[in-house]
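A.B. asks: As given, the protein sequences belong to chains A and B, one line each in that order.
For the first sequence, the numbering used here begins at 21 and goes up steadily by one.
For the second sequence, the numbering used here begins at 9 and goes up steadily by one.
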Amino acid sequence: MMNQAPQKLTVGIADMKMLQWDGELITFALGSCIGICLYDPNVKLAALIHIMLPINMEAGRKNTMKYADTGIRETIRQMEARGARKARLTAKIAGGAKMFEIAGGGNLGNIGQRNIESVRMNLRREGIRIVSENVGGTVARTLSFFPATGQGQIRAYGQPLIVL
Amino acid sequence: MEIKNYNELTSLEIDTLREIGSIGTGNAASALSVMLGRNVRITLPEVRIMGYNEAIEWIGGPEAITAGVMVRISGQMTGIMLAVQSLEFINLALRSMLSEEIHDYDELQDLERSALVEIGNIMISTFINALTGLADISVDLTVPSLSVDMQGAILTVPMAEYGGQSDYLMTIGGNFMCDNQVVPCRLLLSPDVRSLNFLLRKLGVLE
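Okay, structure coming up:
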């Protein structure tokens with residue numbers, strides 16, 4: 021087989037992509053959204069989900085990757101179909117920031133916090149351990165995830181690179 | 009007929025919203041003109057209905073840094089209004105208001121930040137006043153808030169707010185020209201679907 025240059029896949033909003041062995045998964049500008057990295061080290065299969073909201077209450081539940089609950093569940097299913105084992109999966113999460121400080125803004129600024137809680141709860145329900153996280157705060161994050169090592173990287177405006 | 013999603017708008021309804029955008033942005037330009045003591049006009053206003061990732065490309069990519077002033081609308085209409093200010097626009101404002109310029113967003117201190125909040129607030133309020141006068145409705149506005157960060161994350165604020173209702177972001181708004189030069193500053197109004205129906209009915213275009 022020919023050697024190919026490592027792939028770099030961009031994960032959009034309400035989107036999920038998987039890569040195995042090497043390459044890079046990247047999702048840009050996570051504000052209140054959360055990037056969830058799921059990883060099976062035995063088969064070096066990595067998935068990155070970019071969710072926007074905590075719970076899927078849509079009729080028909082079509083857009084699975086927009087929500088923490090259906091996004092996590094569907095991603096586990098697709099990873100298992102590619103040879104991953106749920107018992108081996110670990111998670112790293114980043115995002116859930118509050119971009120604007122609004123006095124009396126109701127639940128507007130709390131979407132990030134609600135996302136964080138929903139992601140943690142859904143991962144716990146699936147029995148997946150969060151090995152590293154960088155969540156909350158007030159800054160946007162760009163998240164990279166590398167299947168070769170299972171390592172994540174976070175870039176934020178005006179801050180040094182963070183290893184996740 | 010009531011719409012259930014932004015992509016169901018008819019061309020008549022979109023034309024009406026564009027007219028709202030034109031009047032709102034025009035009023036904001038007049039206010040800006042008085043504040044800056046310069047001639048300010050508007051470019052052709054737009055009504056856009058975009059998928060999330062399409063919207064991020066439209067604003068100019070996810071990672072570029074920008075300054076956004078946000079106001080939340082409640083009352084008879086619910087929505088979010090953003091003034092997205094480029095560095096060029098910021099310098100135009102700071103030159104007039106504080107006689108200074110910056111080279112990067114990280115030079116924005118408290119004084120500059122409050123000047124940007126104020127200018128964004130006046131533009132947003134003027135836009136909303138024109139809209140509510142036209143449609144004969146009343147709304148409340150929150151205190152404005154500023155964020156200087158990646159523009160993709162700023163734009164996902166209205167997306168996340170109405171993400172449970174729609175896979176689309178709708179924006180009504182326009183850009184500004186100062187002394188015949190385009191100075192990128194977008195005023196973006198994102199109403200929720202219910203308010204959009206209400207607004208269109210008030211304006212007499214929803215059957």
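In this text, a Cβ means the ideal position worked out from N, Cα and C, and glycines have one as well.
Would G29 (chain B) pass as a contact of A138 (chain B) if the rule is Cβ separation under 8 Å?
C.D. replies: For the purposes of this step, residue 29 (chain B) is identified with residue 21 of the second sequence, where counting begins at 1. For the purposes of this step, residue 138 (chain B) is identified with residue 130 of the second sequence, where counting begins at 1. Going by C-beta atoms, G29 (chain B) is not nearer than 8 Å to A138 (chain B).
A.B. asks: Could you confirm whether any beta carbon from chain A is found closer than 8 Å to the beta carbon of D118 (chain B)?
C.D. replies: For the purposes of this step, residue 118 (chain B) is identified with residue 110 of the second sequence, where counting begins at 1. Chain A contact via Cβ: absent.
A.B. asks: Using DSSP with H/G/I as helix, E/B as strand and the rest coil, what is R149 (chain A)?
C.D. replies: Your numbering for residue 149 (chain A) matches position 129 in the first sequence. Residue state, collapsed to three classes: strand.
A.B. asks: From I46 (chain A) to Q27 (chain A), what does the alpha carbon distance come to, in whole angstroms?
C.D. replies: Position 26 of the first sequence, counting from 1, holds the residue named residue 46 (chain A). Position 7 of the first sequence, counting from 1, holds the residue named residue 27 (chain A). If you take the alpha carbons of I46 (chain A) and Q27 (chain A), they lie about 11 Å apart.
A.B. asks: Given that G133 (chain B) touches chain A, what residues does it touch there, using C-beta distances under 9 Å?
C.D. replies: As a first step, residue 133 (chain B) must be located in the second sequence, where it is residue number 125. Residue identity check: residue 133 (chain B) is Ser in the sequence provided, not Gly. Near S133 (chain B) there are no residues of chain A at all, since even the closest Cβ is about 16 Å away, more than 9 Å.
A.B. asks: CA-CA distance, C18 (chain A) and R140 (chain A)?
C.D. replies: Here chain A has residues from 21 to 184 only, and residue 18 (chain A) is not among them.
A.B. asks: If you draw a straight line from the alpha carbon of S203 (chain B) to that of T86 (chain B), how long is it in whole angstroms?
C.D. replies: Stepping through the second sequence from its first residue, residue 203 (chain B) is reached at position 195. Stepping through the second sequence from its first residue, residue 86 (chain B) is reached at position 78. Going from the Cα of S203 (chain B) to the Cα of T86 (chain B) covers about 6 Å.
A.B. asks: Under 8 Å, do N13 (chain B) and S174 (chain B) count as touching if we go by C-beta distance?
C.D. replies: For the purposes of this step, residue 13 (chain B) is taken as the residue at position 5 of the second sequence. For the purposes of this step, residue 174 (chain B) is taken as the residue at position 166 of the second sequence. Yes, these two residues count as a Cβ contact at 8 Å.
A.B. asks: According to the neighbour-count rule (16 or more other Cβ atoms, all chains shown, within 10 Å of its Cβ), is E169 (chain B) buried or exposed?
C.D. replies: Residue numbering aside, residue 169 (chain B) sits at position 161 when the second sequence is read from its first letter. Buried.
A.B. asks: How far does the beta strand (DSSP E) with K37 (chain A) in it reach, from first residue to last?
C.D. replies: In the first sequence, the residue the question calls residue 37 (chain A) occupies position 17. Residues 35 to 40.
A.B. asks: Is it buried or exposed, G116 (chain A), if we count other Cβ atoms within 10 angstroms and call 16 or more buried?
C.D. replies: Residue numbering aside, residue 116 (chain A) sits at position 96 when the first sequence is read from its first letter. Buried: at least 16 other Cβ atoms inside 10 Å.
A.B. asks: Any beta-carbon of chain A closer than 8 Å to the one on N61 (chain B)?
C.D. replies: As a first step, residue 61 (chain B) must be located in the second sequence, where it is residue number 53. Chain A, which has a Cβ nearer than 8 Å to the Cβ of N61 (chain B), makes this yes.
A.B. asks: Is the number of C-beta pairs between the segment 37 to 56 of chain B and the segment 126 to 143 of chain B that are closer than 8 Å three or more?
C.D. replies: yes
A.B. asks: Taking 8 Å as the threshold (beta carbon to beta carbon), is D114 (chain B) in contact with chain A?
C.D. replies: Start at 1 with the first residue of the second sequence, and residue 114 (chain B) comes out as number 106. Interface residue, yes.
A.B. asks: Inspect the beta-carbon positions of A123 (chain B) and A91 (chain B) and report whether they are closer than 8 Å.
C.D. replies: Sequence index remark: in the second sequence, residue 123 (chain B) carries index 115 (1-based). Sequence index remark: in the second sequence, residue 91 (chain B) carries index 83 (1-based). No, Cβ-Cβ distance for A123 (chain B) and A91 (chain B) is not below 8 Å.
A.B. asks: Can you check whether the C-beta of T11 (chain A) is within less than 8 Å of a C-beta belonging to chain B?
C.D. replies: Lying outside 21 to 184, the shown extent of chain A, residue 11 (chain A) is not represented and no answer is given.
A.B. asks: If we cut at 8 Å on Cβ distances, does L68 (chain A) have a partner in chain B?
C.D. replies: Residue mapping note: residue 68 (chain A) aligns to position 48 of the first sequence, counting from 1. By this cut-off, L68 (chain A) is not an interface position.
A.B. asks: Among B:F135, B:L207, B:G69, B:R80, which residue has its Cα nearest to the Cα of A143 (chain B)?
C.D. replies: As a working mapping, residue 143 (chain B) is identified with position 135 in the second sequence. It is B:L207.
A.B. asks: Pull up the distance between the alpha-carbon of M167 (chain B) and that of Y60 (chain B), whole angstroms please.
C.D. replies: As a working mapping, residue 167 (chain B) is identified with position 159 in the second sequence. As a working mapping, residue 60 (chain B) is identified with position 52 in the second sequence. So the two alpha carbons sit approximately 7 Å from each other.
A.B. asks: What residues from chain A crowd round D200 (chain B), counting only those whose CB sits closer than 8 Å?
C.D. replies: Within the second sequence, numbered from 1, the residue matching residue 200 (chain B) stands at position 192. Neighbours of D200 (chain B) on chain A: none; closest Cβ ~12 Å, over 8 Å.
A.B. asks: Span of the alpha helix (DSSP H) holding Q117 (chain B)?
C.D. replies: The residue given as residue 117 (chain B) occupies position 109 in the second sequence. Run containing Q117 (chain B): none; DSSP gives neither H nor E here.
A.B. asks: Please work out which residues of its chain come closer than 8 Å, Cβ to Cβ, to Q40 (chain A), disregarding the five sequence neighbours upstream and downstream, and give them in chain order.
C.D. replies: The residue labelled residue 40 (chain A) in the question sits at position 20 within the first sequence. In its chain, beyond the 5 residues on either side, V63, K64, L65, A66, R102, P167 have a beta carbon closer than 8 Å to the beta carbon of Q40 (chain A).
A.B. asks: Please state whether DSSP places R26 (chain B) in a helix, a strand or coil.
C.D. replies: The residue labelled residue 26 (chain B) in the question sits at position 18 within the second sequence. Helix, per DSSP.
A.B. asks: If you follow the beta strand (DSSP E) that D89 (chain A) is in, where does it begin and where does it stop?
C.D. replies: In the first sequence, counting from the first residue as 1, residue 89 (chain A) sits at position 69. Taken as a continuous stretch (DSSP letters only), D89 (chain A) belongs to no beta strand (DSSP E), being part of the alpha helix (DSSP H) at 88 to 101.
A.B. asks: Within 8 Å, do at least three Cβ pairs link the segment 39 to 53 of chain B to the segment 64 to 79 of chain B?
C.D. replies: No: fewer than three Cβ pairs fall under 8 Å.
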